[in-house]
Structure formats: C-alpha cells, structure tokens
Amino acid sequence: MSQIRLVNISKIYDASPSQAKKVLAMLADDVDSTDIRQQTGYSVGLYDINLTIESGEMHCIMGLSGSGKSTLVRHINRLIDPSTGEIWVDNPVQMGAEPLNILTLSDKPLQKFRQHNVSMVFQHFGLVPHLTVIQNVAYGLRVKGIQKAKRHEIARYWLNEVGLDGLGQRYPDELSGGMQQRVGLARALAVDTPIMLMDEAFSALDPLIRNQLQDQLLELQEKLHKTIVFITHDIDEAIKVGQRISILNKGRLIQTGTPEQLRNNPVNDYVAQFMHVNG
Ligand SMILES: Nc1ncnc2c1ncn2[C@@H]1O[C@H](COP(=O)(O)OP(=O)(O)OP(=O)(O)O)[C@@H](O)[C@H]1O
Ligand SMILES: [Mg+2]
C-alpha cells in the first residue's frame, strides 16, 4: 500500500527561495513564527517536518488554529508545494514500482498520481449542487474514464456502504449535513485510492452525527486499510479515530505517538495540556 514520508518539509508562504532561506535560518535559531511574521511579513506554514505516515494507518494531525494542519495535508496531494523538502510515497498506484518523490512530478504525471492515489474529504462537503447524489459519488470515476453503467454501479455500492441506500436520485440540498458528508465519504471511497485525506471532515457536524460518522469511518477502515491522514482540532476525536497522532504547534511538529504514548510521555506542556484537559 502507501506509506507517506515527509522529509524536512518547510513552507514559508509567498516567499522566494532566497527569502525563504532567511526565514528558515531564523527558525533554525528558534525565532518564534509570530515574531517572524512581525519582523519579515512572512507566514510560516510548516518548519522542518519529518514524519512517516505508515501504510494502512489512520494518522491524526492535531493542533490549534494556525498550527499548520491544513498546510501539511495539502502538501500530500500537492495543492501546496513546499519551500524545501521531499515527499515520498511508496508503491504509488500506476506510477511504477519505485518509491516516488511527488515533488518531482510535472503536471501530467501529477494529475495521474492524484487520480489513482489520493482522495479527499472536505470540511464543507464540497458536493456539486446541481448533480444528484449518485452523480456526485460517480464524478471521480467519470474523470477516470469509467463508463456510465459501471460508475453508477460502483457509486451505488459505496452509497450502500455509507448507509445511504436508495438516496442516489436526491440532490445534496435535500440531505442533512451528516448525510451530505456520507456522500462526501462515498465519493472519496469510490475512486479507490490507497490514500485518503480528511481535513476537519467531521468538524461541521453536530456531536451525535459526528460520532456516527467516526464509527462509520472506523468500521470501513477495518475492511479497507487505507492510509488516512485525518485533521482535527478535537483531541477526543483524534484519540478515538487515530492509531497515531501528530501534534503541531506554530508550524513545528512537536510530537508523534499513539494516544497512550502522548498521554504517558508528553514532550512538553503543549502536548500535556491537550492530553490532560480533554483526554
Ligand atoms: N494561503 C496562505 N497564505 C499565507 N499564509 C497562509 C496561507 N494559508 C495558511 N497560512 C498561514 O500558515 C499558518 C498555518 O495555517 P494552516 O491553515 O495550515 O493552519 P491550520 O492548523 O489548518 O488552522 P485551522 O485549524 O484554523 O484550520 C497560519 O499562520 C496561516 O495564517
Ligand atoms: Mg486548517
């Protein structure tokens, strides 16, 4: 399957390579990101992230607002390119047998990499309003060139899997938020990629519905064993769904571990507070 390795990933927003180099030198001297923004005007998205997300793992990324969670996850499908570093994916589908540094990909192979390897579930569902539920789920398959009868068969299967059997002909605005996100999940699953990215995917939902979606995801993952990067700012959610959790603060990776490891051996107060206050 698909292990993901981030190696020395730094992202300084809107900086040229030479400007980024100066900011990185400040970060290496332990200057705080907030001070850097005040002094230079540049936003630090991430600084020197080294992280291996194992194949088949549900890995949570946690941290306060602005800590770099979305920046990190968007690197994995290259919605964002880093200022420095490498991102390696093992056994990428349809991209040869060797591990691949996805930053080396030009437009065409990048498109192919995304199509076959990475799907995404969005916080605000991201459904196309004028397409029916089944058309929304089948959309990624259409892009992949799968013919209509087949893609609707696949879409029906996944709608059934997420508990929306029989609702394929409805439009998104005829569904509750929880149901819409089930459609979002079915759409991401239908394209059959080994990697799934979820950026605050359940954050917009009521607690009860959110719990149901978490259970559903865990149940599906038992069968699917995808490599899932799950962003949340809710430690309870991270503990429930994450096999391991990475804690970010101001663009730095503070600690990675199982919930037990973070609880028993927090490296600093920031981690301890997350685990103590809410855990
Ligand atoms: N497009 C951008 N241009 C400039 N700075 C940005 C951009 N996107 C994010 N940043 C900055 O990068 C840092 C990390 O932001 P990011 O959105 O990754 O955090 P986050 O952890 O996802 O926050 P939230 O919980 O609010 O979603 C912040 O300081 C933010 O202001
Ligand atoms: Mg975010």
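Numbering-wise, the sequence shown is residues 915 to 1193 according to my numbering. Each residue gets a CB set at the ideal place from its N, CA and C atoms; glycine is no exception.
Check, Outcome
"Residue burial classification, residue 1079 (beta-carbon count within 10 angstroms, cutoff 16)", "exposed"
"Contact under 8 angstroms by Cβ, residue 981 with residue 934", "no"
"Buried/exposed call for residue 1101, threshold 16 Cβ in 10 Å", "buried"
"DSSP beta-bridge partners of residue 1072", "Answer is none; residue 1072 lacks a bridge partner."
"Rounded C-alpha distance that separates residue 1013 from residue 1070", "34 angstroms"
"Three-state class that DSSP yields for residue 1008 in the structure shown", "coil"
"Residues of its chain near residue 1094, where Cβ-Cβ distance is below 8 angstroms and the 5 sequence neighbours each way are ignored", "1039, 1041, 1086"
"Contact the region 984–993 vs the region 1023–1035: 3+ CB pairs below 8 angstroms", "yes"
"Check: residue 982 C-beta below 7 angstroms from any heavy atom of ligand 1", "yes"
"Coarse secondary structure for residue 1091, derived from DSSP in three states", "helix"
"Any non-hydrogen atom of ligand 1 within 7 angstroms of residue 1160 CB", "no"
"Of the residues 1103, 979, 1170, the one placed nearest residue 963, counting alpha carbons only", "1170"
"Own chain residues within Cβ distance below 6 angstroms of residue 923, not counting five before or after", "960, 963, 996, 999"
"Near ligand 2: residue 1114 beta-carbon under 7 angstroms from a heavy atom", "yes"
"Per-residue DSSP class, three states only, for residue 1164", "coil"
"Cβ-based burial, residue 1172 [other Cβ within 10 Å; buried from 16]", "exposed"
"Alpha-carbon spacing of residue 1104 relative to residue 1140, whole angstroms", "13 angstroms"
"Between the CA atoms of residue 1026 and residue 929 - distance to the nearest angstrom", "28 angstroms"
"Own chain, CB closer than 6 angstroms to residue 927, minus 5 neighbours either side, in chain order", "957, 959"
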